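Visitor: Could you have a look at this structure, given as structure tokens, before my questions?
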Amino acid sequence: MSEPITMRDARLEDCERVFAWNCAPEVRALSGDPRIIELADHTRWFQRRLRNGPMWIVEDRGAPVGVVRLDPGGDVTWISIALAPDARGRGIGRRAIRAACETYQQPIHATIRATNAASRACFEAAGFTLTSVTGDLVTYRWSP
Ligand SMILES: CC(C)(COP(=O)(O)OP(=O)(O)OC[C@H]1O[C@@H](n2cnc3c(N)ncnc32)[C@H](O)[C@@H]1OP(=O)(O)O)[C@@H](O)C(=O)NCCC(=O)NCCS
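Okay, so the sequence shown: first residue is 94 according to my numbering, each after it adds one.
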């Protein structure tokens, strides 16, 4: 049985760790917008984002290991997740996504690069189903 993870609300002091996870070049390359982000730009975004919608820090035995965010966009809420490299491949992503869904209890969508096998497997394992394929992006949906 895997260890439980915990999710807590992100705080101002998480700014640099979220930058390290979200803005790592290999993570940006997998996102819908692969441009490199400077820390100062991230910091401005992070301060605003803390007030606008759920953002959780994922903790594994008390240590922060990743971030999950829900972004309302029009009628749809989008999820994004990034874990520290040494936290990947241990079931933490799947459990963090499930926890976010269970807390939110409304439909959630995810757009993923078709080639991001780890992310696709992770969302599928968390109960998301494939809804569309557009170019090299795939969209998944979860509903309560
Ligand atoms: C994508 C990410 C969140 C996945 O989290 P994770 O904790 O590594 O994934 P898990 O260990 O929970 O694995 C979930 C499933 O994916 C599978 N998986 C994990 N890594 C994989 C890989 N590299 N290739 C294929 N499948 C993989 C697991 O076998 C598991 O499937 P199962 O439940 O059927 O056994 C994490 O790897 C990450 O942060 N990556 C960088 C950022 C990123 O890609 N974010 C998503 C952008 S949409």
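Cβ atoms here follow ideal geometry from the backbone N, Cα and C, with glycine treated the same way.
Predicted, not measured: the structure shown is a model, and the values here were computed from it.
Going by C-alpha to C-alpha distance, which of Phe112, Gly146 and Arg191 sits closest to His135?
Guide: Checking every option, the nearest Cα to that of His135 belongs to Phe112.
Visitor: Take Thr99 and list the residues in its own chain whose beta-carbon comes closer than 6 Å to its own, dropping the five residues that flank it on each side.
Guide: Glu152
Visitor: Bridge partners for Glu195 per DSSP, in chain order?
Guide: DSSP lists no partner for Glu195.
Visitor: Quick one: what's got a C-beta closer than 7 Å to Pro165's C-beta in the same chain, skipping five residues either side?
Guide: Gly146
Visitor: Cutting at 6 Å between CB atoms, please list the residues of its own chain near Ala193, excluding the five before and the five after it.
Guide: Val161
Visitor: CB of Val151 to nearest heavy atom of ligand 1: below 7 Å?
Guide: Checking the Cβ of Val151 against ligand 1 gives no.
Visitor: Below 8 Å on the Cβ atoms is my guess for Asp229 versus Thr208; work out the distance and round it to an integer in Å.
Guide: At roughly 7 Å, the Cβ-Cβ gap stays under 8 Å, so Asp229 and Thr208 are in contact.
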